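First up is the structure itself, then whatever we jot down about it.
Number of protein chains: 2
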Amino acid sequence: MHELAENIAKQDIRALAKAITMVENDHPEKLSLLQDIFSLRNNAHFIGITGAPGAGKSSLVNRLIHHVRSQGWTIAVIAVDPTSPFSGGALLGDRIRMNQHFTDPGVFIRSMATRGSLGGLARATKDTLRICDAFGFDIVLVETVGVGQSELDIMKVADTTALVLTPNSGDVLQVFKAGIMEIADLFVINKADLPGVEKLRILLRDFIMMTNKERFVPPIITTVSTENKGIDDLWKQMENHKTYLAETNQGKEQRIRKLELEVKELIREEIWRDVDTYLTDSPVFLEQVDKPDADPYQLARNWYKDWKQEVMENGRK
Amino acid sequence: MHELAENIAKQDIRALAKAITMVENDHPEKLSLLQDIFSLRNNAHFIGITGAPGAGKSSLVNRLIHHVRSQGWTIAVIAVDPTSPFSGGALLGDRIRMNQHFTDPGVFIRSMATRGSLGGLARATKDTLRICDAFGFDIVLVETVGVGQSELDIMKVADTTALVLTPNSGDVLQVFKAGIMEIADLFVINKADLPGVEKLRILLRDFIMMTNKERFVPPIITTVSTENKGIDDLWKQMENHKTYLAETNQGKEQRIRKLELEVKELIREEIWRDVDTYLTDSPVFLEQVDKPDADPYQLARNWYKDWKQEVMENGRK
């Protein structure tokens, strides 16, 4: 067992932060560390919150933190933001939020930023959720900004996914297009003091009726996060969904399907690491790419053949 | 040479559509077809247009189609939309747009939708651009909705990337976060009849001054696409950028860097295809994932090792 994993199990907050940095930086020992961490899992409630920019997710999450703390639960919040792949960097907003809960050891807030690699952010986020689970937080919440493919991918790891919409914003069309509607277990109409709530509710109800009736029927919750309205109902519905998953076959099926996807993703990442190392060490590769008539499809085929050859030769040693 | 590639070179529009479907569905013969297609390349001007939802990209592209056609150029437009990974499906909006240019053989419009796999959409889009280039379109334009990681990835294939913003929309902050600012070769302030144009222009100018001075200085273009204003200037600036790339070292460097990324991506995809087949054929894999204590990190390591073992054994045969 890695010392870091042991310290996480002892609820050492510095070990937690260090482990997250390791997965973010794709540390060579990452996989074996995560294996240890996985063995320490506590099966926290994984909650995903997503929605278009400006839907008020951050303030909603802030209210939710206060609410679950008042009920005695501990909570880790991972805020995912596709910041610049060039600048990296932390987010001012999260620093401000962090301050509010700074003296409360039952709250951990961390923001994750893109490191440039395709799928890298989604992968690092999922690993971070696992690390927070091993630490012992009762609730591990991931909040994503935007509705791109990688956000969708992150949401797949959550047990309970809430989609936050606002009346009259046109968000619905965007999230429809992005395929977020189908993965939502709860719909939240935030800023419900604005006009258009009923129209949005009817649209959501129609959508719910259209979709598969054999799964959990997503409730529609109205909130005004700035006035702390509806937060208790939101939390009750989130717990409801957790109970539903535990009591029906759907929870088990969902877990297996997610695990299958995750194993495949991890293998893919391993492959990538191997190939990248193989190519980076080769001056011939750069030379070949540098030619004016270089054909990427031909090059890829040749290099893959060479890589396989190397695997075979290493096996013979 | 594939018959399909030969027919594309003969400008057979059905062959074009068929080849795109093949790359979308990840057909087994995809790579060898693309190799043939690559050999037929005409070096079209690859243009990328991106921006937040609602910035008016579609109508801007529509105006641009009319404009370049009036100059005698042919154009292919690939609209990328991260639609539902569950439903797939075509987009109503593009069908409407398609109708406008239906009788003009110098215009080809196609929308690409997510097929569920991470990075699959970006890959298929890049291959589609190549197919349109082989067909002989003078301009191949890709338009993306949203500012997620995969959109960013698609934009990297374009020679010239335009970022569309609107005054007072708050888009700037979102695209700043998404790292789109850094890849833009042109900034377009669309809906420039709205207030706030000057404020946005100053902000963009400051941003441009801050960034690397040794590369192309992105111009700021104001347009009102609904009134067909500024389209001629936009096109002129796009051609300017193409000339700049051709005349300086930056174009060559950009091409090599992109090719390097692309070859790596293709190799990764090839290996993944092989591993995926290996897993799919194995009932043991599903059985292992099905266990309540299944550890994804352990499973991934073991299966990848097993697959490599198989490569070695096949090599010995």
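Quick note, the sequences are listed as chains F and H, same order.
Take 199 as the starting number for the first sequence in this note's numbering and just add one per residue.
Take 199 as the starting number for the second sequence in this note's numbering and just add one per residue.
Built from N, CA and C at the ideal position, the CB exists for glycine as well.
Computed from a prediction, not measured in an experiment: that's the story for all the values here.
Chain A within 8 Å of residue i, Cβ atoms only
i, result
"F/Y495", "Reference to chain A is not applicable here, since the protein chains of this structure are F and H."
CA-to-CA distance, residue j to residue i, given in whole angstroms
i, j, result
"H/F405", "H/V266", "30 Å"
"F/H439", "H/S309", "36 Å"
"H/T272", "H/D336", "5 Å"
"F/E467", "F/G394", "45 Å"
"F/P251", "F/L363", "10 Å"
"F/I418", "F/E445", "21 Å"
"H/E341", "H/N366", "22 Å"
"F/R483", "F/E463", "Per the sequence presented here, residue 483 of chain F reads as Phe, with Arg not at that position. In a straight line, the C-alpha of F/F483 is about 26 Å away from that of F/E463."
"H/R403", "F/D331", "45 Å"
"H/M510", "H/E451", "38 Å"
"F/I235", "F/I329", "6 Å"
"F/V370", "F/H264", "28 Å"
"F/L202", "H/L398", "48 Å"
"H/N512", "H/Y476", "13 Å"
"F/A360", "H/N447", "49 Å"
"F/I465", "H/Q486", "15 Å"
"F/V355", "H/D210", "45 Å"
"F/I245", "F/V221", "20 Å"
"H/K228", "F/W501", "17 Å"
"F/E460", "F/A253", "29 Å"
"F/N223", "H/A382", "27 Å"
Reduced DSSP secondary structure (H/G/I, E/B, other) of residue i
i, result
"H/G287", "In this predicted model, H/G287 has a pLDDT of only 35, less than 50, meaning its place in the structure is not dependable; the value taken from the coordinates is given anyway. In the structure shown, H/G287 sits in coil (DSSP, three-state: anything other than H, G, I, E or B)."
"F/L384", "strand"
"H/S309", "strand"
"F/K208", "coil"
"F/V266", "helix"
"F/V259", "helix"
"H/K434", "helix"
"F/T421", "coil"
"H/S315", "Caution is warranted here: a pLDDT of 49 is assigned to H/S315, below 50, making its placement in the model unreliable, and no coordinate value can be reported."
"F/V509", "helix"
"H/K239", "The sequence given here has Arg at residue 239 of chain H, not Lys. Correct three-state label for H/R239: coil."
"F/H225", "coil"
"H/D302", "coil"
"F/W470", "helix"
"F/R499", "helix"
"F/H200", "coil"
"H/P519", "No answer is possible for residue 519 of chain H: it lies beyond the span of chain H, which begins at 199 and ends at 515."
"H/T478", "helix"
"F/F335", "coil"
Assigned exposure category for residue i - 16 Cβ within 10 Å defines buried
i, result
"F/K503", "exposed"
"F/M199", "exposed"
"H/Q507", "exposed"
"F/F300", "exposed"
"H/K208", "exposed"
"H/R321", "buried"
"H/L319", "buried"
"F/V415", "exposed"
"F/G270", "exposed"
"H/D391", "exposed"
"H/D479", "exposed"
"H/K434", "exposed"
"H/R455", "exposed"
"F/E458", "buried"
"H/R261", "buried"
"F/W505", "buried"
"H/T441", "exposed"
"H/E349", "buried"
Strand pairing of residue i, partner residues [DSSP]
i, result
"F/L361", "F/T248 and F/F385"
"H/K354", "Looking at the DSSP assignment, H/K354 forms no beta bridge with any residue, so it has no partner."
"F/E341", "F/I247 and F/A277"
"F/K427", "F/V422"
Task: Sufficient close CB pairs (3 or more, under 8 Å) joining the segment 466-484 of chain H to the segment 300-312 of chain H - done: no
Task: contact_flag[the segment 412-427 of chain H, the segment 249-265 of chain H] where n(CB pairs < 8 Å) is 3 or more - done: yes
Open item on the list: Does the segment 324-332 of chain H come into contact with the segment 216-223 of chain H, if we say contact requires no fewer than three beta-carbon pairs (one atom in each stretch) closer than 8 Å?
Closed with: yes
TODO: Give a yes or no on contact between the segment 392-408 of chain F and the segment 223-242 of chain F, applying the rule of three or more CB pairs nearer than 8 Å.
DONE: no
Open item on the list: Could you check whether the segment 376-387 of chain H touches the segment 428-443 of chain H, counting it as contact only if at least three pairs of C-beta atoms, one from each stretch, sit closer than 8 Å?
Closed with: yes
TODO: Assess, as a yes-or-no matter, whether the segment 479-497 of chain H is touched by the segment 484-492 of chain F under the definition of 3 or more beta carbon pairs within less than 8 Å.
DONE: no
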